[in-house]
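The sequence shown: position 36 = 36 (full-length UniProt numbering), numbered continuously. For reference, the structure discussed in these notes is given below.
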Amino acid sequence: MTAADTTHFLCTIEDGIARIALDRPERKNPLTFDSYAELRDWFRDLHYNDDIKAVVFASNGGNFSSGGDVHDIIGPLTGMNMKELLQFTRMTGDLVKAMINCGKPVIAAIDGICVGAGAIIAMASDLRIATPEAKVAFLFSRVGLAGCDMGACAILPRIIGQGRAAELLYTGRAMSADEGASWGFHNRLVAADTLEDEARKLAQQIAAGPNFGHMITKTMLAQEWSMSIEQAIEAEAQAQAICMQTGDFERAYRAFVAKEKPVFMGD
1 MTAADTTHFL CTIEDGIARI ALDRPERKNP LTFDSYAELR DWFRDLHYND DIKAVVFASN
61 GGNFSSGGDV HDIIGPLTGM NMKELLQFTR MTGDLVKAMI NCGKPVIAAI DGICVGAGAI
121 IAMASDLRIA TPEAKVAFLF SRVGLAGCDM GACAILPRII GQGRAAELLY TGRAMSADEG
181 ASWGFHNRLV AADTLEDEAR KLAQQIAAGP NFGHMITKTM LAQEWSMSIE QAIEAEAQAQ
241 AICMQTGDFE RAYRAFVAKE KPVFMGD
């Protein structure tokens, strides 16, 4: 296992899977200015890192994240001018954009508290596995702000539907684990003591697949939000034709003919 050179969050890499987690468990893992920026830069760089095939964004100490730190972020924000505030909100939004554009599947393993910007990170992940104790809240309205933070009004309705998203964003109430599972926010619920193992198993399954194809899938999932059906079909035709030129496509064919399991190489 290799530990990545990160300062403001934990990161270990093993067998092509990166495990990252915020590291202030005594305060339920809040985000700071520094951790926001370092996560943004890490996900941006991930696009060019072929050694990492999938990412598990893990919980730590029984919680995922309590969102922006009250003392390190919320307090200083109240003293900033408009230019400084806009620089901050654009920076936090850049983290979501970096996650969406990193080219690698991201799995959020959610336990306990997952609120505010923590809920946004879970939302921006491709897949979400949670424990029955997970509580997800987009609580921006409860601190006097709008629910439209870091892409929430665009992304959350696409996951759970417009009406359910509107309720959570207007009220700031917590979505229970059962609600999250039945609404499609969580892909599944697992016991807390198996959360890490289940997330890693899913990451291993994905990492063993055609990684170039996964990158194309992630790209198209993001790009097709703003396309018409006709545009999407044409874009997918072009994308799939590109994938048909990869070595993985030929390997899959030869393995099928030989009645063997294909071994994908990501090219």
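For every residue, glycine included, the Cβ atom is placed at its ideal position computed from N, Cα and C. What you are looking at is a predicted structure, and each value in this text was computed from that prediction instead of being measured.
Just to confirm, is the Cβ distance from residue 198 to residue 129 under 9 Å?
yes
Euclidean distance between Cα positions of residue 117 and residue 25
16 Å
Tell me the DSSP secondary structure of residue 21 in three-state form.
strand
Cβ of residue 96 within 9 Å of Cβ of residue 114?
No, they are not a contact pair.
Residue 236 vs residue 220 beta-carbon contact at 9 Å:
Yes; because the gap between Cβ atoms is below 9 Å, this pair is in contact.
Inter-residue spacing [alpha-carbon to alpha-carbon] between residue 173 and residue 27:
20 Å
If the criterion is Cβ atoms closer than 9 Å, does the pair residue 139 and residue 156 meet it?
no
Classify residue 206 as helix, strand or coil using the three-state DSSP reduction.
For residue 206, the secondary structure class from DSSP, reduced to helix, strand or coil, is helix.
Considering only the alpha carbon of each residue, which of 75, 186, 163 lies closest to residue 124?
186
Is it the case that the Cβ atoms of residue 112 and residue 57 are separated by a distance below 9 Å?
Against a cut-off of 9 Å, the Cβ pair of residue 57 and residue 112 comes out as no contact.
Other residues of its chain near residue 272: CB distance less than 6 Å, five sequence neighbours each side excluded:
Residue 272 is absent from the model: the chain starts at 1 and stops at 267.
Which term fits residue 82, buried or exposed, when burial requires 16 or more other beta carbons within 10 angstroms of its beta carbon?
exposed
CA-CA distance, residue 7 and residue 18?
15 Å
State the Cα-Cα distance for the pair residue 175 and residue 164, rounded to the nearest angstrom.
10 Å
Beta carbon of residue 80 nearer than 9 Å to that of residue 88:
yes
Which residue wins for smallest C-alpha separation from residue 265, given the options 209, 226, 37?
209
Name the one or two DSSP bridge partners that residue 262 has.
None, per the DSSP bridge assignment.
Between residue 194 and residue 51, what straight-line distance do the alpha-carbon atoms span, to the nearest angstrom?
26 Å
Please name the residue, chosen from 9, 152, 60, that lies closest to residue 141 on a Cα-to-Cα basis.
152
Candidates 127, 59, 5: which alpha carbon is nearest residue 30's?
Cα-wise, what sits closest to residue 30 is 59.
Who are the Cβ neighbours of residue 247 in its own chain at under 7 Å, not counting the five residues just before and after it?
265, 267
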